[in-house]
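Working notes, beginning with the structure itself.
Numbering (the working numbering), first residue to last: 937 to 1491.
This is the structure we're talking about:
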């Protein structure tokens, strides 16, 4: 494993470098306050309670931009075509072009209803176990779609791919978001994602540097600690990031995780000069902006006297973009105060802003200013058809179907028959609330008209589970679908009552157990008549799972 600076030759250029800006094409802010504002990405829309759509939130953001001209937005919870109108309004209200990023690991449909949603990254890893070449091609094609639809909305940056290697089954926040459990394979698919985005002009952000795959705590609630040695981290965790940097990723996102082997003060990577300047810049040679993970997360709450003091410390440590702070104005003011009291050099603020500004100028040079940062919506039917296109959805379904894996079918329980004489009970247990339950129920009832379908979330009562056990008594076939996936601010795994119910069901009846998420949940049910995994719960994966049960529409 190389330890010196990583400065590869003859590698693909980044999205930014396709048409490098050779002259200033955008007017830069010059006041210290405005430069500090440029280091902030504020949220537009929210999936956190109280949830609000981007359309409901745009007025607040327009007012914020008048007081605090932030450098960009992190975009949540919208609809198509409203998304592009909201973002055009934001661009129009801003004195400087806004970079817009979004958590779109699974496609634009993750944040924009009506757009395409792809299965979780681990689904591609499952395909790769059978064919590296096919998996890489599908990752690249899905990334192209994500970029195409994102740019149609007005989004410039995908806060993806997840470059973490999932190294423990107990990881509550990575799990199926990772491409897999082996560094080389993860690196291959990370490269494919970057290639696809670059082709369509989307900026990329591998995360969570220097690796989040070993954690067993959720940084949304607390700060995880990774005790692995530097040698072990270099061998596994760093490898996909090295691959991403060789492939010329545009940005990188830091982890709210502490690594004593990398920083003896146990400072999380987001605030660690040893990690961000020493490892990232000096050893690995990465030159793009380093963006923090969300500053709303519990792992970085209450670490300083004020949000402004925290922001100044993070910028001083090497963070260039402060993502999703609760109070953007306080953050910018804190940076100004730190410069004025001498604790933060203004040159560091200039350096951070310059990294981000190069991205903006690169986009303006490549696409033209108005096309890159549209302040009005042109109603172009061809552009509108890019989002949620039929071919895009078909690609998502094809990926989902190819990913479904039958882990064992020793009793020959599969395929299941839709014959009226086959009494079937289908039970879905979800670790968290889930709005797509209706789709799964519809797919089950269309494929197996004789099935009785039940769903039980984390708040299900014991008496309701007991009723379900009795319902299964006279069934010829029981199907138990388990949805256990990583999610911010949610418990990972089934509740105790759900787990007891599932184990009893498998013990008492011939039961097919299916996972709409992590395959590790299936390890608790060795007595199942068959076990299969879809690696995701997106609509395409739900449909694919039901097809696989009946062996319809094979890959």
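Don't be surprised by glycine CBs; every beta carbon is placed ideally from N, CA and C.
Which residues in the same chain have their Cβ closer than 8 Å to the Cβ of residue 1383, if we skip the five residues on either side of it in sequence?
-> 1354, 1482, 1483, 1485, 1486, 1488
Would you report the Cα separation of residue 1155 and residue 983, rounded to the nearest angstrom?
-> 17 Å
Within 10 angstroms of the Cβ of residue 1301, are there 16 or more other Cβ atoms? Answer buried if so, exposed if not.
-> buried
Burial state of residue 1056 (16 or more Cβ within 10 Å) | buried
Classify residue 1075 as helix, strand or coil using the three-state DSSP reduction.
-> helix
Per DSSP, which residues does residue 1143 bridge with? Please list them.
-> 1098
From residue 1122 to residue 980, what distance separates their C-alpha atoms?
-> 31 Å
With residue 1115 and residue 1058 assumed to form a contact (beta carbons below 8 Å), what rounded beta-carbon distance in angstroms separates them?
-> 7 Å
Any contact of the region 1022-1032 with the region 997-1004, i.e. 3+ C-beta pairs under 8 Å?
-> yes
If residue 1404 sits next to residue 1449, beta carbons under 8 Å apart, how far is it from one beta carbon to the other, in whole angstroms?
-> Actually they do not touch by this definition, with Cβ atoms about 15 Å apart.
Short Cβ contact (9 Å threshold) for residue 1387 with residue 1361 = yes
When the Cα atoms are used, what is the spatial distance from residue 1250 to residue 1260?
-> 14 Å
Sufficient close CB pairs (3 or more, under 8 Å) joining the region 1428-1447 to the region 1318-1327 | no
Locate the alpha helix (DSSP H) running through residue 1060, then write down its first and last residues.
-> 1057-1064
By Cβ distance below 8 Å, which residues in the same chain neighbour residue 1068 in space, the five residues on each side in sequence not counted?
-> 1121, 1124
In its own chain, which residues sit with a C-beta less than 7 Å from the C-beta of residue 1467, not counting the 5 before and 5 after it?
-> 1343, 1344, 1449, 1458, 1461
Give every residue of the same chain whose Cβ lies closer than 8 Å to the Cβ of residue 988, excluding the five residues on either side of it in the sequence, and list them in chain order.
-> 981, 982, 1013
For residue 1414, which option in 1472, 1400, 1439 has the closest C-alpha, if you only look at C-alpha atoms?
-> 1439
What's the call for residue 978, buried or exposed, on a 16-neighbour Cβ count within 10 Å?
-> buried
Helix, strand or coil for residue 1410 per DSSP?
-> coil
Report buried or exposed for residue 1107, applying the criterion of at least 16 other Cβ atoms within 10 angstroms of its Cβ.
-> buried
Count the other CB atoms within 10 Å of the CB of residue 967; is the residue buried (16 or more) or exposed (fewer)?
-> exposed
Under three-state DSSP, which class holds residue 958?
-> Note that residue 958 has pLDDT 46, beneath the 50 cutoff, so the model's placement of it is unreliable and the number below is only indicative. Of the three classes helix, strand and coil, the one that applies to residue 958 here is coil, per DSSP.
Can you have a look at residue 993 and say buried or exposed, based on whether 16 or more other CB atoms are within 10 angstroms of its CB?
-> buried
Residue range of the unbroken beta strand (DSSP E) whose run includes residue 1451 | 1447-1451
Consult DSSP for residue 1067 and reduce its assignment to one of helix, strand or coil.
-> coil
Please name the residue, chosen from 1011, 1277, 1017, 1176, that lies closest to residue 927 on a Cα-to-Cα basis.
-> A query on residue 927 cannot be resolved here, the shown segment of the chain reaching from 937 to 1491 and no further.
Could you give the distance in angstroms between the alpha-carbon of residue 1201 and the alpha-carbon of residue 1209?
-> 11 Å
Just curious, the alpha helix (DSSP H) that residue 1289 is in, first and last residue?
-> 1282-1303
Considering residue 1362, what are the terminal residues of the alpha helix (DSSP H) in which it resides?
-> Run containing residue 1362: none in the alpha helix (DSSP H); it sits in the beta strand (DSSP E), 1360-1366.
Thinking C-beta only, is residue 1092 closer than 9 Å to residue 962?
-> no
Cβ-based burial, residue 1076 [other Cβ within 10 Å; buried from 16] = buried
Test item: CB-CB of residue 1034 and residue 1009 under 9 Å = yes
Is it true that the region 1135-1144 meets the region 1184-1197, where meeting means three or more beta-carbon pairs spaced less than 8 Å apart?
-> yes
Whole-number beta carbon distance between residue 1054 and residue 1043, since they are thought to touch under 8 Å = 4 Å
Is the distance from the Cβ of residue 1377 to the Cβ of residue 1392 below 9 Å?
-> no
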